[in-house]
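Engineer: In our numbering, the protein residues as written are 21 to 443.
Beta carbons are placed, not taken as given, at the ideal position from N, Cα and C, and that holds for glycine.
All values derive from a computational prediction rather than experimental measurement.
I'd like to ask some things about the structure below.
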């Protein structure tokens, strides 16, 4: 059955999440700051309109903030992660083939013969997500991921589109490409954009018709893939996200805010992902028999490329964070290679089984049961007092890595002590 690639993008996600729980922010410019409250990392539509730039240091836009009464907030990652899970869970009702690409973006495979048009489906997605989470989203459909990104750009900017654009077999695809600056094409980046513009390639349509050999020479095979994708030829694979529902695999991964070559930072990230994955195991009453750690560079950067993974057996099967974390660090030693800037890492747990069916242990059964009781106590405390209330020692030391969140909103959805009160 022919399928389309759908992309659902939460509009101004951080700011929108804040507005869901604070009605006084409606219609006001809102900015969210980076760790240590140094730079602007997210803006509401109103903040964009008054000229506050992405990544701008706070001191540079202080006059705009004061002149327009901008609401300034520290990043509230626990809130954003929970709202991300909520809106992406709603979308799972529309397709079993879903890729959680980032905290505010989801790729989906959509059948083309479902009895209704993709535009109708997209509008229903917007209604469902809006009604159940309060988050506004835009929806784009196309034959490839890169074209779906093009569709999203126009879905956000065109009032006529109503937040949904379908470019599948559309006679308007080239029109959309012609209106999109080459700098805004997914995967082009700032450095390539300047070079392309000097060569007269100023729009996505120009890039689509560029010579293949020239593109490969100037932008490597990564750039050539982008060109093929603009032509409707799939080159960037769809990577469905495994979920516990499949009883086969569970994955926790993340793209880093910046590339890093520090093994210490990668170790800390893998430890965090392992703890989250183990928590999901216990929440679903599962144990894992296989653990994989993977790392990857940024395929959109013209850097030395590397992706590596290593799998270890978990025997006996376990849901203990302590046991899984030890195995994950061992797997990372084999997956990691020095000399590369890593952009993404993750932990996958496989060979899942219900804990009650996994059987006991010949040795150290008492020790494992103690682990389980300890893990459940940690889960309960984190649920009651907020995520991260109890942390594992392998995480970065809070005294060294502590960041400022002096203007952070409450953790409305993840901390019982901060839940909203209705009067």
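1. Relative to the C-alpha of residue 295, which candidate in 333, 95, 367, 174 has its C-alpha closest?
2. Would you kindly check if the distance between the Cβ of residue 360 and the Cβ of residue 207 is under 8 angstroms?
3. Can you list, in chain order, the residues of its chain whose CB lies under 8 angstroms from that of residue 119, leaving out five sequence neighbours each side?
4. Ends of the beta strand (DSSP E) at residue 130?
5. Starting from residue 292, trace the alpha helix (DSSP H) in both directions and tell me its first and last residue.
6. Return yes when the Cβ of residue 310 is within less than 8 angstroms of the Cβ of residue 333, no when it is not.
7. Are the region 133–153 and the region 42–57 touching, with three or more C-beta to C-beta distances below 8 angstroms?
8. If we require 4 or more residues per run, which alpha helix (DSSP H) segments fall completely within the region 228–257?
9. If you follow the beta strand (DSSP E) that residue 221 is part of, which residue opens it and which one closes it?
10. Go ahead and pull the three-state DSSP assignment for residue 357.
11. Residue 57 by DSSP, collapsed to three states: which one?
12. Output the distance between the C-alpha atoms of residue 20 and residue 318, rounded to the nearest integer angstrom.
13. When you compare the region 81–91 with the region 58–70, are there three or more beta-carbon pairs, one atom per stretch, that lie closer than 8 angstroms?
14. Does the distance from the CB of residue 225 to the CB of residue 198 come in under 8 angstroms?
15. Could you tell me the distance, in whole angstroms, from the CA atom of residue 354 to the CA atom of residue 312?
16. In angstroms with no decimal places, state the Cα-to-Cα distance between residue 43 and residue 145.
17. Which residues in the same chain as residue 26 place their Cβ atom closer than 6 angstroms to its Cβ, once the five residues preceding and following it in sequence are excluded?
18. According to DSSP, which residues form a beta bridge with residue 269?
19. If you draw a straight line from the C-alpha of residue 397 to the C-alpha of residue 286, how long is it?
20. My output table needs one value for residue 322: the three-state DSSP class, helix, strand or coil.
21. Thinking C-beta only, is residue 307 closer than 8 angstroms to residue 375?
Structural biologist: On the basis of the data shown:
1. One-based indexing of the chain shown puts residue 295 at position 275. When only C-alpha atoms are compared, the closest one is 367.
2. Sequence index remark: in the chain shown, residue 207 carries index 187 (1-based). Sequence index remark: in the chain shown, residue 360 carries index 340 (1-based). Not a contact, by the Cβ cut-off of 8 angstroms.
3. Taking the first residue of the chain shown as position 1, residue 119 is located at position 99. Once the five neighbours on either side are set aside, the close Cβ partners of residue 119 are 126, 127, 128, 258, 259, 260, 261.
4. Along the chain shown, read from residue 1 onward, the residue named residue 130 stands at position 110. Per DSSP, residue 130 belongs to the beta strand (DSSP E) from 125–131.
5. Reading the chain shown from its first residue, position 272 is the one you call residue 292. Where residue 292 is concerned, the enclosing alpha helix (DSSP H) stretches over 283–303.
6. Counting from 1 along the chain shown, the entry for residue 333 is found at position 313. Counting from 1 along the chain shown, the entry for residue 310 is found at position 290. One thing to note: residue 333 has its Cβ within 8 angstroms of the Cβ of residue 310.
7. Segments in contact, no.
8. Counting whole runs of 4 or more residues, the region 228–257 contains the alpha helix (DSSP H) stretches 232–250.
9. Taking the first residue of the chain shown as 1, we reach residue 221 at position 201. That residue, residue 221, is in no beta strand (DSSP E); it is neither H nor E in DSSP.
10. Position 337 of the chain shown, counted from the first residue, corresponds to residue 357. In the structure shown, the three-state DSSP call for residue 357 is coil.
11. Numbered from its first residue, the chain shown carries residue 57 at position 37. Shown here, residue 57 sits in a helix according to DSSP, grouped into three states.
12. With the chain covering only 21 through 443, there is no way to say anything about residue 20.
13. Yes, the region 81–91 touches the region 58–70.
14. In the chain shown, residue 225 corresponds to position 205, counting from 1. In the chain shown, residue 198 corresponds to position 178, counting from 1. Cβ distance < 8 angstroms, so residue 225 and residue 198 count as in contact.
15. The sequence position of residue 354 within the chain shown is 334, counting from 1. The sequence position of residue 312 within the chain shown is 292, counting from 1. Roughly 11 angstroms between the two C-alpha positions.
16. Mapped onto the chain shown, residue 43 falls at position 23. Mapped onto the chain shown, residue 145 falls at position 125. Straight-line measurement puts the Cα of residue 145 at about 23 angstroms from the Cα of residue 43.
17. Looking up residue 26 in the chain shown gives position 6. Hits under 6 angstroms: 128, 130, 161.
18. As a first step, residue 269 is located in the chain shown; it is residue number 249 there, counting from the start. In DSSP, residue 269 forms a bridge with 370.
19. For the purposes of this step, residue 397 is taken as the residue at position 377 of the chain shown. For the purposes of this step, residue 286 is taken as the residue at position 266 of the chain shown. Approximately 27 angstroms between the Cα atoms of the pair.
20. Counting from 1 along the chain shown, the entry for residue 322 is found at position 302. Residue 322: coil per DSSP, three-state reduction.
21. Start at 1 with the first residue of the chain shown, and residue 375 comes out as number 355. Start at 1 with the first residue of the chain shown, and residue 307 comes out as number 287. Cβ distance < 8 angstroms, so residue 375 and residue 307 count as in contact.
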